[in-house]
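Participant: Note that the numbering used here has the sequence shown beginning at 148, numbered continuously upward.
Glycine included, every Cβ here is placed at the ideal spot set by N, Cα and C.
Take this structure, written in structure tokens, and hold onto it; I'll ask about it next.
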Amino acid sequence: MAKLQQKYKDTILKDLQKELKLKNIFAVPRLQKIVLNTGLGEALGNKKVIDIMSDQLSAISGQKPAKTVASRAIATFKLQKGDTIGLKVTLRGKRMFDFLEKLINIVLPRIRDFRGVDDKSFDGRGNFTFGFSEQIVFPEIEYSKIDKIRGLEVTIVTTGSSKEQTKKLLEKLGVPFKKMKS
């Protein structure tokens, strides 16, 4: 079991229950999944891009990515229905906690001029999404094997019902948020 997962089960759940004044431990917000997503518009002209980014995404996540396909044709983009336009990976369980631990302790500190994750990226349903403009911040990616710098998006899906609940959960897990200017 990952250190973060153990800490989550042993201390974070109980602390959050007290902090949020919840009567039942099952009402405490929990992590459901983490989704890594990347859009590959350039794949329409160069099919090798899909394989390259697929290898990189599987190195980052430890899991083979699924292809996302266009649901309809758009003539102005020369896009046909069924064309691969992106890749995504859904992490759950142990892999999710391993990835989150790596993200918090290794990846985020490697970003240049990093001052914390912006807390404006919450939707109202307990999800938190942020993006990376370059995939080279992940330790599994070798800089010499990169043909082009591409970004990716990370969505953390929780059972939290509000921004406040989700933010408290992520803070307890160790996600560094930007400090508000006072």
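Specify, as a first and last residue, the run of the alpha helix (DSSP H) that Gln-282 falls within.
Facilitator: No alpha helix (DSSP H) contains Gln-282, which DSSP labels as neither H nor E.
Participant: Let's see if you can read the secondary structure: which residues bound the beta strand (DSSP E) around Ile-303?
Facilitator: Where Ile-303 is concerned, the enclosing beta strand (DSSP E) stretches over 299 to 305.
Participant: Can you list, in chain order, the residues of its chain whose CB lies under 7 Å from that of Leu-247, leaving out five sequence neighbours each side?
Facilitator: Hits under 7 Å: Leu-151, Ile-181, Leu-320.
Participant: Would Lys-235 and Ala-217 qualify as a contact pair, given that the criterion is a beta-carbon distance under 7 Å?
Facilitator: Not in contact: Lys-235 and Ala-217 (Cβ atoms no closer than 7 Å).
Participant: Does any residue of chain D have a CB that is nearer than 7 Å to the CB of Asn-184?
Facilitator: Absent from the structure: chain D. Only one protein chain is present.
Participant: Going residue by residue through the stretch 169 to 255, where are the continuous beta strand (DSSP E) segments of at least 3 residues, counting only ones entirely within it?
Facilitator: Listed in chain order, they are 178 to 186, 213 to 216, 231 to 238.
Participant: Taking Thr-306 as the reference, give the member of Gln-179, Leu-169, Gln-164, Ile-207 with the closest Cα.
Facilitator: Measuring from the Cα of Thr-306, the nearest candidate turns out to be Gln-179.
Participant: Is the CB-CB distance between Ile-207 and Phe-285 below 7 Å?
Facilitator: In contact: Ile-207 and Phe-285 (Cβ atoms closer than 7 Å).
Participant: Does the separation of the CB atoms of Phe-261 and Phe-269 fall below 7 Å?
Facilitator: No. Outside cutoff.
Participant: Specify, as a first and last residue, the run of the alpha helix (DSSP H) that Asp-162 falls within.
Facilitator: That run of the alpha helix (DSSP H) goes 160 to 166.
Participant: Which residue marks the beginning of the alpha helix (DSSP H) containing Glu-318, and which one marks its end?
Facilitator: Note, Glu-318: alpha helix (DSSP H), 310 to 320.
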